[in-house]
Amino acid sequence: MMLLHTCDQCTQEADHHIEKADHSVMHLCWDCYNAYLCEHMGLDITKYAHPKTITIGRQRFKVKMEIYQDGVIYYAYKGKQDALQTISFTAPFAMDGKLAIEELKQRISKLLIPPTIMEDGLLSPLGVIGVEYDEESYDELAFVLDGERYDYDEFLELLLDYRGSNLIYIAEPRLPALDAQWFGNEEQLLSGTKDEDL
Ligand SMILES: [Zn+2]
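Residue numbers for the sequence shown follow the working numbering, beginning at 331 and rising by one.
In structure tokens:
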């Protein structure tokens, strides 16, 4: 178990731990990590500012933003400890936070709010199936539909009705566990996409 660290830049708890070339470790909170990446990538973080919560219909979602090598990921989620109901949108760096949040809102109202499992127990033609790491299950894999976990067998059972169908999907990042700790190496992190050319 990792000892808790305070962020090197502010007073929040750090959840990103980055090893520098001299082997010292920088501890950053989620926000300061985003700011650190923007600074090194020459991006203006204020462009990606977003509201902390958004309301759609009568439902309230929290929003988190994460700077990534290829763009900016905006996550909407519900719940405190295990935010099972979540959806994301990855925006290109050129898109500002305001526009990205509009897209995220549309995704919530089209995909996340309408139930994925309909009253007759069948899958809705459009929905969200989360694929989660689940330490507690034998397979270490769980599926999340409408904020409920399904194990491997339960999920396959659902798919039985879909023999003869294509399920067309969009893969997108899922909100990381809210208590997750992230470890990285500064050199690899800042070399970014070049990393993958071998
Ligand atoms: Zn901080």
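All residues carry an ideal CB built from backbone N, CA and C; glycine is no exception.
Any non-hydrogen atom of ligand 1 within 7 Å of residue i CB
| i | result |
| --- | --- |
| Gln-339 | yes |
| Asp-400 | no |
| Leu-358 | yes |
| Gln-342 | yes |
| Asp-361 | yes |
Rounded straight-line distance, which links the Cα of residue j to that of residue i
| i | j | result |
| --- | --- | --- |
| Thr-385 | Phe-391 | 6 Å |
| Asp-338 | Gln-511 | 15 Å |
| Met-425 | Leu-434 | 13 Å |
| Thr-523 | Ala-365 | Confidence in Thr-523 is poor, its pLDDT being 47 and thus under 50, which makes the residue's placement unreliable; the coordinate value appears in the next sentence. Each residue's Cα considered, the two are about 18 Å apart. |
| Met-395 | His-380 | 8 Å |
| Lys-382 | Val-393 | 5 Å |
Continuous alpha helix (DSSP H) stretch holding residue i: start and end
| i | result |
| --- | --- |
| Asn-364 | 360-371 |
| Tyr-492 | Premise fails: Tyr-492 is in no alpha helix (DSSP H) and is neither H nor E. |
| Gly-427 | 427-437 |
| Glu-516 | 516-521 |
Distance CB(residue i)-CB(residue j) smaller than 8 Å
| i | j | result |
| --- | --- | --- |
| Glu-537 | Ala-406 | The question about residue 537 has no answer, for the chain in this structure spans 331 to 528. |
Whole-number beta carbon distance between residue j and residue i, since they are thought to touch under 8 Å
| i | j | result |
| --- | --- | --- |
| Gly-401 | Thr-420 | 5 Å |
| Ile-438 | Thr-446 | Actually they do not touch by this definition, with Cβ atoms about 13 Å apart. |
| Phe-513 | His-353 | That belief does not hold up - the Cβ atoms of Phe-513 and His-353 are roughly 13 Å apart, past 8 Å. |
| Leu-479 | Asp-469 | Per the sequence shown, the amino acid found at residue 479 is Arg instead of Leu. The pair is not a contact, with the Cβ atoms about 12 Å apart (cut-off 8 Å). |
Extent of the continuous beta strand (DSSP E) run through residue i
| i | result |
| --- | --- |
| Tyr-398 | 389-398 |
| Ser-418 | 416-421 |
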